[in-house]
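Working notes, beginning with the structure itself.
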Amino acid sequence: MRKVNKAVEGTAHPWRLRHPSPLSFCKKTIKQIAYIAIGIALYCSVVARGQDELQGVFSNEAEGFNTVTLMVHENGDAYFHAAVAGVIGKWSYDKPSSILTFNYFYPGPNKDASMHFTFDSKKRTYTLTGDGTETSTYSSQTLHYVTNAIPDQLIQAFKTYPKELKKHRQQTEAREKQRRKYEEKLAREKPEYEKIRTFIVENPHVVVSSDFYGRDDTPATRALKSTLGDRDVPFPEDVLVKMLEQLPPDNHWIREQIFARSEHSATTIEKYYPKALDWGARLNYGILVNIATHPNTPRSLVEDLALSTTLPGGAVGPAQAQVKQFAEDVLAGHTDTSDDSFHHLYELAIKMPTHGWTDNGKAILFALAKSPITPATVLARVADADDEFVQKAILSHANISAQILTQLSTSRFARVREAVLANPDIRPEMLLALSRDKEGIVRAAVAAHPATPTAILIEMQTDEYFDVRRNLIRNPNTPESVLVALASDSYAIIKSEAQQALSQRKKQNKQVNVLH
Numbered sequence: 014m015r016k017v018n019k020a021v022e023g024t025a026h027p028w029r030l031r032h033p034s035p036l037s038f039c040k041k042t043i044k045q046i047a048y049i050a051i052g053i054a055l056y057c058s059v060v061a062r063g064q065d066e067l068q069g070v071f072s073n074e075a076e077g078f079n080t081v082t083l084m085v086h087e088n089g090d091a092y093f094h095a096a097v098a099g100v101i102g103k104w105s106y107d108k109p110s111s112i113l114t115f116n117y118f119y120p121g122p123n124k125d126a127s128m129h130f131t132f133d134s135k136k137r138t139y140t141l142t143g144d145g146t147e148t149s150t151y152s153s154q155t156l157h158y159v160t161n162a163i164p165d166q167l168i169q170a171f172k173t174y175p176k177e178l179k180k181h182r183q184q185t186e187a188r189e190k191q192r193r194k195y196e197e198k199l200a201r202e203k204p205e206y207e208k209i210r211t212f213i214v215e216n217p218h219v220v221v222s223s224d225f226y227g228r229d230d231t232p233a234t235r236a237l238k239s240t241l242g243d244r245d246v247p248f249p250e251d252v253l254v255k256m257l258e259q260l261p262p263d264n265h266w267i268r269e270q271i272f273a274r275s276e277h278s279a280t281t282i283e284k285y286y287p288k289a290l291d292w293g294a295r296l297n298y299g300i301l302v303n304i305a306t307h308p309n310t311p312r313s314l315v316e317d318l319a320l321s322t323t324l325p326g327g328a329v330g331p332a333q334a335q336v337k338q339f340a341e342d343v344l345a346g347h348t349d350t351s352d353d354s355f356h357h358l359y360e361l362a363i364k365m366p367t368h369g370w371t372d373n374g375k376a377i378l379f380a381l382a383k384s385p386i387t388p389a390t391v392l393a394r395v396a397d398a399d400d401e402f403v404q405k406a407i408l409s410h411a412n413i414s415a416q417i418l419t420q421l422s423t424s425r426f427a428r429v430r431e432a433v434l435a436n437p438d439i440r441p442e443m444l445l446a447l448s449r450d451k452e453g454i455v456r457a458a459v460a461a462h463p464a465t466p467t468a469i470l471i472e473m474q475t476d477e478y479f480d481v482r483r484n485l486i487r488n489p490n491t492p493e494s495v496l497v498a499l500a501s502d503s504y505a506i507i508k509s510e511a512q513q514a515l516s517q518r519k520k521q522n523k524q525v526n527v528l529h
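My numbering puts the first residue of the sequence shown at 14, with every later residue one more than the last.
This is the structure in structure tokens:
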């Protein structure tokens, strides 16, 4: 047996210091792996927390057309909404620059585009810093975090978006291909088109032929449309009439152009007006628009269109605009200013239906009410209009008649009854009636009126309406006995002002006595 060196007996061998046992090695390795795993978990947590901050709903929290919203979803989808429109796209984030890029398909010019948002992690806000569509309108908008709850409908839209986008791109490509094909066709047919157009210009009677009236897009049909739309190319009226007679029943686009031609006489327009009503109602109201705005259309036809309640609004509106213009010419003294003309305008105004958001009839009534040349007999009729602004406009006349003043003193609008009291010629019986009006603002105006009789002022001293009693104090005609009563009013302001008014009266009386 080999002898053991006593110097090292009982001590660890050198190889044992350099090479741990398998068990201790495993324990150490497992501990290192655990540390690494914890580190990875902590890193992922920080990264995830950073990603979470980017996501959610961000808005400038404005209202109406000023609203700007960005919704960022965890799956890489995003939605940008401004005013009344929105677009879906994909987002990516560059951490060093704090820039979120939103890529989307821009349907207008049919191209891919992008927006760039700067993210402020401290404030958790986005700011639009630039985009490929030049939407500088929103560049100064700061979008604040609102919530993480993106609507379910939008999340569902994110899922179907790739399919819808692919479909939209295919449709766009198909339209673009069709457009190029049509442009190539126009280029091929250009010589023939120009030849036919020149022929029409030199001899307009050639268009009285069915070759020009088809639905197909041919050099002949394009040449007719082009020359009809060119006001420098003259067409004899008889040619236009023959076309109206020969056109197929459903060919409304050429009829619309024909009625826009200035060669039509009032007689021709009047003759075809009944048919035009049918064409305009069924096929194309542009026909009636051209009749309404034609310089030779008899005014009676324009007025008939303006009063229609069955025709398309697109046809009625332009006719009403023409009638309104005629009314303005009359009121400006540029045309017939007879009493009959003003009465006729009034009749049109009260019969004219509202067109969309525009009430041209009321606009004419308002113009009649304001005009200094409107006859008194017409003003009296306009005063019956159930409109506060029209009635108040009548009261702006300096020489308004006593009849109209009495008429408006019983208006259903309190502001009108109050405005009546601004007239210095108001009669005592009217002041008495208005002093007992149900509305306080009217009674207050009576209390301030310089022509209000003393008996009425005394009667009003107990009025419950604050401004009535206050106006009595300010009226120099109010008897001193009324001021004495108001000096004990329950309202401090009334009480104080009445006492001041009494004091002022006493000073004035002393001065008068000294002078005498």
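By construction, the Cβ of each residue, glycine as well, lies at the ideal position given by its N, Cα and C atoms.
- Closest option to A96, judged by alpha-carbon separation, among P164, P366, S414 and S72: S72.
- A direct Cα-to-Cα measurement between V85 and Y195 gives close to 42 Å.
- Here P331 is buried: its Cβ has 16 or more other Cβ atoms, across all protein chains shown, within 10 Å.
- In this structure, the CA atom of L378 is about 47 Å from the CA atom of V100.
- Contact annotation: L499 and Q517 have beta-carbon atoms that are not nearer than 8 Å.
- Nearest to N79 by C-alpha distance, out of M256, Y504 and H94, is H94.
- The continuous stretches of beta strand (DSSP E) do not include A411, and DSSP gives it neither H nor E.
- For I112, the enclosing beta strand (DSSP E) stretches over residues I112 to Y119.
- D317 sits away from L296, with the two beta carbons spaced by 8 Å or more.
- Per DSSP, reduced to three states, the secondary structure at S72 is strand.
- Under the criterion of beta carbons closer than 8 Å, Y158 and T138 qualify as touching, at roughly 7 Å.
- Under the three-state reduction of DSSP output, M365 falls in the coil class, being neither helix nor strand.
- Of the other Cβ atoms in all chains shown, fewer than 16 fall within 10 Å of the Cβ of E258; this residue is therefore exposed.
- With fewer than 16 other CB atoms across the displayed protein chains lying within 10 angstroms of its CB, E215 is exposed.
- Pairing L408 with A279, the inter-Cα distance amounts to about 41 Å.
- With respect to R482, D502 sits close: the two C-beta atoms are nearer than 8 Å.
- The criterion of a C-beta distance shorter than 8 Å is not satisfied by E276 and L260.
- Inter-segment contact for the stretch 342 to 351 and the stretch 362 to 374 is absent: fewer than three beta-carbon pairs are separated by less than 8 Å.
- Annotated three-state conformation of A162 is coil, per DSSP.
- Beta-bridge partners assigned by DSSP to D125: F118.
- The stretch 402 to 417 makes contact with the stretch 378 to 390: 3 or more CB pairs, one atom from each, lie closer than 8 Å.
- A distance of 8 Å or more separates the beta carbons of N116 and S134.
- Of the candidates K255, Q270 and L324, L324 places its Cα closest to the Cα of P287.
- The residue from E477, V81 and A91 with its alpha-carbon nearest to that of G69 is A91.
- Note that the stretch 178 to 194 does not touch the stretch 210 to 229; fewer than 3 beta-carbon pairs, one per stretch, sit closer than 8 Å.
- Counting only residues of its own chain and dropping the five nearest sequence neighbours on each side, I471 has a CB closer than 8 Å to the CB of P492, S494 and V495.
- When secondary structure is reduced to three states using DSSP, Y226 falls in the coil class, being assigned neither helix nor strand.
- The continuous stretches of beta strand (DSSP E) do not include H218, and DSSP gives it neither H nor E.
- Just measuring C-alpha positions, the residue of K136, H368 and P175 sitting nearest L156 is K136.
- In this structure Y504 is exposed. Its beta-carbon is surrounded by fewer than 16 other beta-carbon atoms within 10 angstroms.
- Leaving aside the five residues that flank A406 on each side, the residues in its chain whose CB is nearer than 7 Å to its CB run, in chain order, F379, A382 and K383.
- For G374, there is no enclosing beta strand (DSSP E); the residue is found in the alpha helix (DSSP H) stretching over N373 to K383.
- Fully contained in the stretch 436 to 485 are the following alpha helix (DSSP H) runs of length 4 or more, in chain order: 441 to 447, 453 to 461 and 467 to 472.
- V100 is bridged by DSSP to F93.
- For E401, the closest of N412, W292 and V429 by C-alpha to C-alpha distance is V429.
- Following the DSSP letters along the chain, one finds V85 inside the beta strand (DSSP E) bounded by residues V81 to V85.
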